[in-house]
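Student: Going line by line, the protein sequences match chains R and W.
Terminal number for the first sequence in numbering that gives the first Met the number 0: 176, no gaps in between.
Terminal number for the second sequence in numbering that gives the first Met the number 0: 194, no gaps in between.
Virtual Cβ for every residue (Gly too), placed ideally from N, Cα, C.
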Amino acid sequence: MFEIISLISKWMLPALVVFIPLYALFKKVPIYESFIEGAKEGFPTVISIIPHLVAMMVAVAVFRDTGAMQFYLQLLSPISNWFHIPSEVIPIGLLRPISGVGALAFVESIYREFGPDSFLGKVASTIQASSDTTLYVLTVYFGAVGIKRSLYALKVGLWADLIGFIASVMVCSLMFL
Amino acid sequence: MIHYIWMFLLLSGIIAAASKGQIDLVTAATLSGAKDAITVCFGLISILVFWLGMMQIAQDAGLLKKLAKLLGPIARFLFPSVPANHPAMGYILSNMSANLFGLGSAATPMGLKAMEELQKLNPDKQTATPAMCTLLAINTSGLTLIPTTVIGLRLKYDSINPTEIIGPTMIATFIATSMAILIDRYYQRKHKRKG
Numbered sequence: 000m001f002e003i004i005s006l007i008s009k010w011m012l013p014a015l016v017v018f019i020p021l022y023a024l025f026k027k028v029p030i031y032e033s034f035i036e037g038a039k040e041g042f043p044t045v046i047s048i049i050p051h052l053v054a055m056m057v058a059v060a061v062f063r064d065t066g067a068m069q070f071y072l073q074l075l076s077p078i079s080n081w082f083h084i085p086s087e088v089i090p091i092g093l094l095r096p097i098s099g100v101g102a103l104a105f106v107e108s109i110y111r112e113f114g115p116d117s118f119l120g121k122v123a124s125t126i127q128a129s130s131d132t133t134l135y136v137l138t139v140y141f142g143a144v145g146i147k148r149s150l151y152a153l154k155v156g157l158w159a160d161l162i163g164f165i166a167s168v169m170v171c172s173l174m175f176l
Numbered sequence: 000m001i002h003y004i005w006m007f008l009l010l011s012g013i014i015a016a017a018s019k020g021q022i023d024l025v026t027a028a029t030l031s032g033a034k035d036a037i038t039v040c041f042g043l044i045s046i047l048v049f050w051l052g053m054m055q056i057a058q059d060a061g062l063l064k065k066l067a068k069l070l071g072p073i074a075r076f077l078f079p080s081v082p083a084n085h086p087a088m089g090y091i092l093s094n095m096s097a098n099l100f101g102l103g104s105a106a107t108p109m110g111l112k113a114m115e116e117l118q119k120l121n122p123d124k125q126t127a128t129p130a131m132c133t134l135l136a137i138n139t140s141g142l143t144l145i146p147t148t149v150i151g152l153r154l155k156y157d158s159i160n161p162t163e164i165i166g167p168t169m170i171a172t173f174i175a176t177s178m179a180i181l182i183d184r185y186y187q188r189k190h191k192r193k194g
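See the structure below:
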């Protein structure tokens, strides 16, 4: 089952790259002109994202590199004991919504220390894989179209991250322990 | 809320650096953070230019309309405020499909295109619409079948069974995404009541 899905995943992209123009050509679409017309929008879109991303990533870097993050992680470590969550994976859960790369660094350190096939390694993998960097997605998506007031989008994203984190720990405990 | 998070990150960083007597860390971090952001943006340029070109072909050939027709019921359930035959639907569904199949690089351009179309329906260009928030909820909750990055990393660290985590990931991401949609609905109602 998983082999089939990963095979589909592997073939999907190349298949799309061939199928879309082929189908369009069949429908008599001037594919080259179409491509150029759409591709033109790429650069201006990125330009409008730059200020948003710089603002956010500078703040995250200051938080991470000054040791402020480390301080809050220590502050929160008792929580993991109450809920029987392995304390090693707490930083991944906390970082996942604000910095994908930052969370990945903790995943790698768990792989190095305990191995990717250990229980902790599997929990870390699942947490990392089952979520996306909420703050990044929010910044890029709203930044690209110039939305200033994001309503409740951030709250929803953070709740989903928390639920995904708890679900990852619970599912792994049920499957691998 | 974003203002407070931003201020919190900066302020706690500065306090931490000052209390350690290493205020230079802040200067270095601002520079490296800004540099990282630009690196990410440069990476985005190539992906966006290519996939926005591809998506234009798909749009002109009517492929996105076909997709919207095929998955119409799902889209109408998730995005009741978007007219069924609006181009936004096709982009939203292609964004969701790309996420599901682990085509992360293609998913972002499609999502941005969907945002652009949703923005055309938006009466107040500076405030997000409920439909935009739903699209964000689906994207931030990381809906995916194949977590390619993590599997690749597990392989790099000599995992015996790198794909073992696909099962639990699917379950966890399914729970997170359905809860995100539910929470989004809850806030949507609350927001509507406030007017």
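#1: Using a beta-carbon distance below 8 Å, is H190/W in contact with chain R?
#2: Enumerate in chain order the residues of its own chain whose CB-to-CB distance from S31/W is below 8 Å, with the five nearest sequence positions on each side excluded.
#3: At the 8 Å Cβ level, is G37/R part of the contact set with chain W, yes or no?
#4: Is S79/R close to chain W, meaning its C-beta is less than 8 Å from at least one C-beta of that chain?
#5: Per DSSP, which residues does R148/R bridge with? Please list them.
#6: Verify the CB distance criterion: does V189/R have a CB-CB separation below 8 Å to chain W?
#7: Say whether the region 134 to 142 of chain R touches the region 50 to 57 of chain R, bearing in mind that this needs 3 or more beta-carbon pairs closer than 8 Å, one atom from each stretch.
#8: Hey, L128/R and I109/R are a contact pair by Cβ (cut 8 Å); roughly how many whole angstroms apart?
#9: Here's the rule I'm using: 16 or more other beta-carbon atoms within 10 Å means buried, otherwise exposed. How should R153/W be labelled?
#10: So is N126/W buried or exposed if we call it buried at 16+ other beta carbons inside 10 Å?
#11: Counting only runs of 4+ residues fully inside the region 108 to 159 of chain R, write out the alpha helix (DSSP H) ranges in chain order.
#12: Cβ closer than 8 Å: which chain R residues qualify as neighbours of I1/W?
#13: Below 7 Å CB to CB, which residues in the same chain sit around L157/R once its five sequence neighbours on both sides are set aside?
#14: Starting from H83/R, trace the alpha helix (DSSP H) in both directions and tell me its first and last residue.
#15: Give the single residue among I150/W, L8/W, L99/W, K68/W whose Cα lies nearest to the Cα of V61/R.
#16: Does DSSP classify Q55/W as helix, strand or coil?
#17: Can you tell me which of the three DSSP states V28/R falls into?
#18: Which whole-angstrom value is the C-beta distance of G61/W and S130/R, which I expect to be below 8 Å?
#19: Starting from G41/R, find everything on chain W with Cβ-Cβ shorter than 7 Å and list it in chain order.
Tutor: So, from the listed chains and residues:
#1: yes
#2: none
#3: For G37/R, at least one C-beta of chain W is nearer than 8 Å to its own C-beta.
#4: S79/R does not count as touching chain W.
#5: T126/W
#6: Residue 189/R is absent from the model: chain R starts at 0 and stops at 176.
#7: Result yes; three or more Cβ-Cβ pairs closer than 8 Å.
#8: It is Ala, not Leu, that sits at residue 128/R in the sequence shown. The Cβ separation is near 14 Å, so there is no contact.
#9: If you draw a 10 Å sphere on the C-beta of R153/W, you find 16 or more other C-beta atoms in it, and that means buried.
#10: One detail in the question is off: residue 126/W reads as Thr in this sequence, not Asn. By the beta-carbon neighbour count (other beta carbons within 10 angstroms, threshold 16), T126/W is exposed.
#11: Every alpha helix (DSSP H) of 4 residues or more that sits fully in the region 108 to 159 of chain R is shown, in chain order, as 118 to 128, 133 to 144.
#12: L137, S149, L153
#13: P96, T133
#14: Here H83/R belongs to no alpha helix (DSSP H), and DSSP marks it neither H nor E.
#15: Here the closest residue by C-alpha is L8/W.
#16: helix
#17: coil
#18: That belief does not hold up - the Cβ atoms of G61/W and S130/R are roughly 34 Å apart, past 8 Å.
#19: Going along chain W in sequence order, the residues near G41/R (Cβ under 7 Å) are I44, L47, V48, L51.
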